[in-house]
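*Asks:* In the numbering used here, the protein residues as written are 12 to 305.
Glycine is no exception: its CB is placed at the ideal position from the N, C-alpha and C atoms.
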Amino acid sequence: MTTREHCICLAPLNRQPFSKHFDALCCTQCGSRHFVAASNGAAAPEFKYDGGNGKYTQKDYLYGKQLRWAHNELLRQQWTGRKILEIGCFNGFFLDELRKRGANVYGFDVNREALAVGRDLFNLVGRLDTSLPNLSCHGPFDDVLCIDVLEHVDQPEAFLKEMSTLLHPGGRIVVAGPTIERRFRDKSDYPPHHKWWFSRPGLSTCLAHCGFKLTSTSVQRDGLLFLRNFLGKTIHGLRNREFYGEVKFATPRFDGVISHHLYNGLSALGTLLFTMLRISYCSTILEAIKVPAE
């Protein structure tokens, strides 16, 4: 991680101690935070997003298929005939859904084990790679999707500018992930797993600086997720401000039909309540188009 003087919105940053191994560079204008190595010299273990982390080699994890809020929101759109590149595609489960809807799909991820599973499980041979140059030859793309990705990136501006080169003029980038409105945070929302806590204004400004024009913003209003994270933070994580992939307790699974309907009912009720109260929690989808060069 590198130290920087300015936020993604170009405002100054104030350095504050955050945890044993990390300091937070806090934006004085938009509220975003960037996590860097602590000035006290405490060396943090590097976070591995691939087979270097035991979590990511577990069979149940590698074969997982979890459509989250952002995935389901995007599936409401029209995808027929569009050429898609998903960054951080994991095993390609979302690309499989988009292909069923008529899209021409490609995916990038650093997790070789997950890509190997996806090539076999979803018949995505020749469409998944750990190398962006290998995928860029299939471009330019109509859409680049970055779902729960940008908060893992140390230098988001350089990342977004690289994504711009993969899009044709007028092509769209979709950035989705948690923002600082996520008051009670999931345990995985801490450094070094996440390197940024973004604000929506900060992300919007950053996209503009990187040559994009914002076209829409969607916010999640998940009251049940708020309750889960509130209880988890209160009971299990009051002092934990770092996350290295370990899972010390499991979220209850709702496998039965009755449990499934009960969960969906509670989720719908929580969403209705938060919508009525105009409370957003916990993710944001920003859609922006590449501005043609003059």
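Tell me the DSSP secondary structure of Cys18 in three-state form.
*Replies:* Of the three classes helix, strand and coil, the one that applies to Cys18 here is coil, per DSSP.
*Asks:* Might you give, ordered along the chain, the residues of its own chain that have their beta carbon closer than 6 Å to the beta carbon of Arg112, omitting 5 neighbours on each side?
*Replies:* Trp90.
*Asks:* From the DSSP output, read off the bridge partner residues of Thr9.
*Replies:* One cannot answer for residue 9 here, as it falls past the ends of the chain, which runs 12 to 305.
*Asks:* Comparing alpha-carbon positions, which option in Ala279, Gly92, Ser291, Pro202 lies nearest Ser229?
*Replies:* Of the candidates Ala279, Gly92, Ser291, Pro202, the one whose C-alpha sits nearest the C-alpha of Ser229 is Ser291.
*Asks:* Nearest-angstrom Cα distance between Ala261 and Pro180?
*Replies:* Bear in mind that the predicted position of Ala261 carries a pLDDT of just 46, short of 50, making it too unreliable to give a figure here.
*Asks:* Check whether the stretch 14-29 touches the stretch 213-224, taking contact to mean three or more Cβ pairs, one atom from each stretch, closer than 8 Å.
*Replies:* Yes: the two stretches touch, three or more of their Cβ pairs being nearer than 8 Å.
*Asks:* Hey, would you say Leu109 sits closer than 8 Å to Phe152, going by beta carbons?
*Replies:* No. Outside cutoff.
*Asks:* Looking at the secondary structure, which residues open and close the beta strand (DSSP E) in which Gly118 lies?
*Replies:* Start and end: 115-119.
*Asks:* Just list the residues that DSSP pairs His45 with in beta bridges.
*Replies:* His45 pairs with Leu36, Trp207.
*Asks:* Could you give the distance in angstroms between the alpha-carbon of Pro23 and the alpha-carbon of Cys38?
*Replies:* Straight-line Cα distance between these residues: approximately 6 Å.
*Asks:* Going by C-alpha distance, which of Val121, Asn134, Arg123 is nearest Phe104?
*Replies:* For Phe104, the nearest C-alpha among the options comes from Asn134.
*Asks:* On the CB-based measure, 16 or more other CB atoms within 10 Å of its CB, does Gln231 come out buried or exposed?
*Replies:* By the 10 Å Cβ count, Gln231 comes out buried.
*Asks:* Relative to the C-alpha of His45, which residue among Arg93, Asp200, Val155, Tyr60 is closest?
*Replies:* Of the listed residues, the one whose Cα sits closest to His45 is Asp200.
*Asks:* Measuring alpha carbon to alpha carbon, tell me which of Val47, Met287, Asn122, Leu73 ends up nearest Lys59.
*Replies:* Checking every option, the nearest Cα to that of Lys59 belongs to Asn122.
*Asks:* With a threshold of 16 other CB atoms inside 10 Å of the CB of Thr295, please say whether the residue is buried or exposed.
*Replies:* Flag for Thr295 reads buried.
*Asks:* Which ranges would you report for the alpha helix (DSSP H) in the stretch 100-156 if only whole runs of at least 4 residues count?
*Replies:* The qualifying runs are 104-111, 123-132, 143-147.
*Asks:* With a Cβ-Cβ cutoff of 8 Å, do Val7 and Leu85 count as a contact?
*Replies:* Outside the shown range of the chain (12 to 305) lies residue 7, about which nothing can therefore be said.
*Asks:* Using DSSP bridges, identify the partner residues of Lys172.
*Replies:* DSSP lists no partner for Lys172.
*Asks:* For Lys66, list the residues DSSP reports as bridge partners.
*Replies:* In the DSSP output, where bridge partners are listed per residue, Lys66 has none listed.
*Asks:* Are Glu124 and Gly63 close, meaning C-beta to C-beta below 8 Å?
*Replies:* Not a contact, by the Cβ cut-off of 8 Å.
*Asks:* Could you check whether Cys100 and Gly75 sit closer than 8 Å to each other, using their CB atoms as the reference points?
*Replies:* No. Outside cutoff.
*Asks:* How would you write the range of the beta strand (DSSP E) that Ile269 sits in, first residue to last?
*Replies:* That residue, Ile269, is in no beta strand (DSSP E); its alpha helix (DSSP H) goes 268-288.
*Asks:* Suppose the cutoff is 6 Å on Cβ atoms and the five residues either side in sequence are ignored; what does the same chain contact list for Lys31 look like?
*Replies:* The answer, listed in chain order, is Ala53.
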